[in-house]
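K.L.:
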Amino acid sequence: MFNLAGTDALFNYEEKDPTGPDQWAKLNKAWAACGDGKKQSPIDICKVKIDKDMGPLEQTYNSSACTLKNRGHDFILQWKGGNGKLTIKKKDYVLQQVHWHVPSEHTVNGTRIHSKKMIQPESSKARAVISVLYSTKEAGDPDKTLTDLAPYFKRLAGKDNEDEDVKEPVDPSVWIDKASGYYRYDGSLTTPPCTEGVLWNILSKVKHVSKEHIKMMESVSEEPEPNDRPAQKMNGRVVRYFEGEEAKD
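For the sequence shown, position 23 (counting from the first letter as 1) is numbered 23 according to full-length UniProt numbering, and the numbering increases by one without interruption.
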């Protein structure tokens with residue numbers, strides 16, 4: 001079980017457990033949205049509406065100092081004071097953190113990918129997420145940045161609530177394929193308190209990840225546990241899709 005910072009409540013991802021996803025709303029009054037929210041995440045992406053007006057994702061992330069932390073339920077990479085921005089409809093979202101889920105939480109036509117990286121920028125009043133899907137079945141070279149971070153993951157493995165400053169600057173833009181199309185919809189955080197008002201942007205191009213890197217992401221606890229919330233109801237929401245350059249090849 002995992003303890004969420006700032007609360008005494010414990011939660012986990014086992015569906016039939018007293019502290020599993022179906023019970024989150026009962027564990028803390030502040031987590032009510034986990035049970036009665038109408039725009040919850042993740043979802044299964046199966047029907048989309050093509051929207052050329054969305055345009056390519058505009059981001060200006062750069063290489064800067066950060067810290068890797070074991071939060072008990074995932075690893076999180078945090079930039080002190082933020083790092084660059086994502087601009088959507090003239091609103092700027094400053095990058096705050098990146099974290100990983102194994103396996104992925106969002107599915108495409110019912111298919112679950114091996115892992116997911118969440119790049120999470122925020123504005124003063126809203127959140128946006130860029131989600132990158134990974135599979136061991138995709139061709140490609142191992143993720144160099146993850147390889148560079150491997151010693152930090154290893155030292156923090158199984159050490160809940162411990163962190164370490166990363167010596168070399170990390171550039172999150174290397175994880176975003178500018179040629180990729182992406183899906184967009186209104187959703188929520190996928191962990192308690194399941195706050196809504198999150199604008200999801202999920203890259204459609206699946207990237208390669210090595211089995212070694214998957215094991216590294218799973219080393220949060222001594223006994224690897226999945227940290228994926230089940231798909232939530234759509235409740236009439238529309239998923240929009242922007243075709244990237246990859247779709248034109």
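A virtual CB, placed ideally from N, CA and C, is assigned to each residue, including glycine. On a predicted model such as this, the values are computed, not experimentally measured, just so you know.
Among residues of its own chain, excluding the 5 on either side of E162, which ones have a beta-carbon nearer than 8 angstroms to its beta-carbon?
P.N.:
Excluding sequence neighbours, E162 sits near K69, N70 and L156.
K.L.:
Would H106 and P192 be called neighbours here (beta carbons separated by less than 8 angstroms)?
P.N.:
The answer is no: Cβ separation not under 8 angstroms.
K.L.:
Start and end of the beta strand (DSSP E) containing T67?
P.N.:
Start and end: C66 to N70.
K.L.:
Helix or strand or just coil, what does DSSP make of R112?
P.N.:
It is a strand residue.
K.L.:
Let me know the alpha helix (DSSP H) ranges lying completely inside the region 156-237, each 4 residues or longer, listed in chain order.
P.N.:
Counting only runs of 4 or more, we get 211-218.
K.L.:
Output the distance between the C-alpha atoms of K16 and N62, rounded to the nearest integer angstrom.
P.N.:
About 42 angstroms.
K.L.:
Note down the Cα distance separating D160 from I214, rounded to an integer number of angstroms.
P.N.:
Going by the C-alpha atoms only, they are around 19 angstroms apart.
K.L.:
Measuring only the C-alpha atoms, how far is M216 from V102?
P.N.:
Straight-line Cα distance between these residues: approximately 10 angstroms.
K.L.:
Counting beta carbon pairs with one atom in the region 164-182 and one in the region 196-207, are three or more of them shorter than 8 angstroms?
P.N.:
Result yes; three or more Cβ-Cβ pairs closer than 8 angstroms.
K.L.:
Only counting the same chain, and skipping five residues up and downstream in sequence, which positions put a Cβ closer than 6 angstroms to that of I130?
P.N.:
Within the same chain, I130 has close Cβ partners I119 and N201.
K.L.:
Between the alpha carbons of V174 and C46, how many angstroms are there, rounded?
P.N.:
So the two alpha carbons sit approximately 28 angstroms from each other.
K.L.:
Identify, in the order they occur along the chain, each residue of the same chain with its Cβ nearer than 7 angstroms to the Cβ of G82, setting aside the five sequence neighbours on each side.
P.N.:
Around G82: V94, L95 and Q96.
K.L.:
Going by DSSP in three states, Y61 sits in which element: helix, strand or coil?
P.N.:
Three-state result, Y61: coil.
K.L.:
Taking all protein chains shown into account, do 16 or more other C-beta atoms lie within 10 angstroms of the C-beta of V198, making it buried, or fewer, making it exposed?
P.N.:
Flag for V198 reads buried.
K.L.:
Check this for me: beta carbons of P169 and A65, under 8 angstroms apart or not?
P.N.:
Contact: yes.
K.L.:
Where K178 and P56 are concerned, what is the direct C-alpha to C-alpha distance, given to the nearest angstrom?
P.N.:
Distance between the alpha carbons of K178 and P56 is about 7 angstroms.
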